[in-house]
Structures are given as C-alpha cells and as structure tokens.
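Below is one structure, written out as structure tokens; the observations come after it.
Protein chains: 2
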Amino acid sequence: MNLDKFDLAILKVLQENARASLNDIGTAVGLSSTPCWNRIKRMEAAGVIRGYTVDIDPASLGFMDTVIVHVTLESHSEETLYEFGRALAAIPEVLEAFLVSGDYDYYIRIAVRDTRDYERLLREQLYRIPGIRHSKSCFVLRRLKETMLPLTGPVG
Amino acid sequence: MNLDKFDLAILKVLQENARASLNDIGTAVGLSSTPCWNRIKRMEAAGVIRGYTVDIDPASLGFMDTVIVHVTLESHSEETLYEFGRALAAIPEVLEAFLVSGDYDYYIRIAVRDTRDYERLLREQLYRIPGIRHSKSCFVLRRLKETMLPLTGPVG
DNA sequence: AGTGAAAAGGCTTTAAC
DNA sequence: GTTAAAGCCTTTTCACT
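Protein sequence lines, in the order shown, are assigned to chains P and C.
The opening position of the first sequence corresponds to residue 1 in full-length UniProt numbering, with each subsequent residue numbered one higher.
The opening position of the second sequence corresponds to residue 1 in full-length UniProt numbering, with each subsequent residue numbered one higher.
In structure tokens, the structure reads:
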C-alpha cells in the first residue's frame, strides 16, 4: 500500500494519541475530518494499522523491574522452535519474544515484580519449558526510548 | 495507586482496543459507562495510563527487518551513558533502548529497510555516536509476542 | 461507591464541488 | 480527492440510589 505524507502525518498523530478526535487529527495534518477518516479506514483495512492500544505504566501494576533474557535451545528443529515460542507466548510476564540469528535462539523481555519474582519466573516457568538449554539474563537499569516506529525515512 | 479487578478489566479491554467506546467497555467489564469513565480518568491522572497509541505494521512503512544490537561503551561514567542514550533517542529507527547490567551496556532494537539499510545505519548513525566501543547484532527471524503488560498476577 | 437519563460534542455518512 | 452539512452515536455531566 502506498502511503503519502498525509497518511504518515495521521499515523504520527495517532501514535502520540490514539484517541485523538478526527477534528484534532485534521487540524494537525492540514485536512478536514472526512479525508482523515477515509485514510484511517483505508489503512485499517490494508493492515497498516493493526490496532490501537494503551500504554500502561509497568510500576503501577507492580512490575518494578524489566529483565532481558537470552535463551539457547537443545535443538534447532522447526518443531522445537515453534513449541518454545508457543510456551513463551502463554506466559503473561513475557512482554516480547524474538527468534533471532546468532549466538542465541530467543531474545525475551520480561516484566518482574522484584528479583525474587524473577528467580521464581525463571525456575517455575522458563526452565519448565521443554527444549531449553541455557539462558543468560540482564536487568534493565534504565529505559531510554519507547517503542514507536519511525514515521520519517524509507517511505517519507 | 490501588487497582481493583474492574480497573484491570478496563485496562485489558483498552489494551486490545484503545478506541473501544465506554458502552462497550462497560458491557465487557460489567459496569455502566459512567464508572468506567471515572476509573479511566482516575488512572490517567495517576499515571497508570500513560497514553494511547497505534500499532502499525512495520513492513507497511518499508521496514522489513528488525535488528537487535548490543553495545559496549568506552566509559561507564554517568555522562557517557547519558549522552549515548540521548543520541540513540534521536535516531528514529531506534525503537527501543535499554541501559542494562551485565556484559553489555545498551540493548537496542532497530527497524531497518533491508540489510544494506542496516549497514548504513550502523556506519552512519550508531558508530558516529562518541563513546561507542563495540557492538554486536542479531537479526530477528520471527516475532512471537507483542509488547503487552500482563494484567493478571501481582495486582490481580 | 454505581445507575440512568439528558446535554454537549464528535463520529460517520451523504451529497455537492 | 476535497469540503460542508445532517443524523447518529459517544462522551460527559448531573441528579438520584
């Protein structure tokens, strides 16, 4: 799908506030509300916009720490990789899971209550998944940037 | 701030669709729209809800690959760490940046157009930041889980 | 605390340019 | 592909439980 500068501008507004009204979006991008609405519906239908979500403060939910875990598996068969991914997806504390190239097989980011909760999670959840060989963790000391796609560049 | 099961249920609905109407939210959680509205405003004011954002398909924007980069710095002084973080935050392709404990100093996730774009980004952007010593990259082969906070557990 | 109704405002559609 | 206007649905307020 071809996105012009108005589409990108609309996405940028929605990225900052997904509940912005069509009037506000229109004012921000220099259009009236109707074309904005049409463009949004078009992007939703085309799968450019996958959905709208809320940004929740992890600490408010009791998750005081973020841990990044690197995992290697016993086998690299498609079945093992798939099964491991499915098991990870079922753990709510697992925020992100990526199958990666290189020294490790999976990169995972988890939200934990505290260090004891981290230890429990590793022992009772992660190491109970069949196929896991080894893991290596690092605690996040500071978060510097939120996850937002760049809306300038390749298609801008 | 104390969150009860209704608050968590509301967050869950918003996490799946941040543009859900108050009526739909109310129906889903078993309340009328007014208390839902009050609870949402309260959570916004308390910083539990940090904002609402849109989930955009990276491929639609021309970003076909995701790369995870681990970085070590020359110095671990507060100034170097801070300056590096500031420079990272200014690169739109950098989706996430975490200051971490362990073997590496920064963990970064970047969106790239293709392998050439990755090479360009590394050379022209990342390695031009003062203080960088070494980096190690791995390409994401498959993304298994989206970033969503678990809404059961510690406070549920 | 929650409910339900009423007012104010925004969303969605139709039609015209 | 854009603007303007009409009807409808949602948000927001208020009175009551």
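Cβ atoms here follow ideal geometry from the backbone N, Cα and C, with glycine treated the same way.
These numbers come from a predicted model, not from an experiment.
Since residue 54 of chain P sits in a beta bridge, which residues does DSSP pair it with?
C/52
Touching by the beta-carbon criterion (3+ pairs, under 8 Å), the segment 30-47 of chain P and the segment 77-87 of chain P
no
State the beta-bridge partners of residue 65 of chain C as determined by DSSP.
C/112
Beta-carbon within less than 7 Å of residue 111 of chain C's beta-carbon, same chain only, minus the 5 sequence neighbours each way: which residues are those?
58, 63, 66, 93, 95
List the residues of chain P that residue 161 of chain C touches, going by C-beta distances under 7 Å, in chain order.
The structure shown does not extend to residue 161 of chain C, since chain C is modelled only from 1 through 156, so no value can be given for it.
Excluding the 5 residues preceding and the 5 following residue 170 of chain C in the sequence, name in chain order all residues of the same chain whose CB lies nearer than 6 Å to its CB.
Residue 170 of chain C cannot be examined here, being either before or after the span of chain C that is shown, 1 to 156.
Going by Cα to Cα distance, which pick from P/91, P/114, P/119 is closest to residue 141 of chain P?
P/114
Counting along the chain, where does the beta strand (DSSP E) carrying residue 60 of chain P start and finish?
Unbroken run through residue 60 of chain P: none, as it is neither H nor E.
Could you pull out every residue in the same chain whose Cβ sits closer than 7 Å to the Cβ of residue 10 of chain C, ignoring the five residues on either side in sequence?
25, 29, 36, 39, 40
For residue 142 of chain C, which beta-bridge partners are listed by DSSP?
P/99
Look at the Cβ atom of residue 49 of chain P, then the Cβ atom of residue 56 of chain C, and state whether they are nearer than 8 Å.
yes
Closest by CA to residue 145 of chain C, which one among P/137, P/136, P/126, P/99?
P/99
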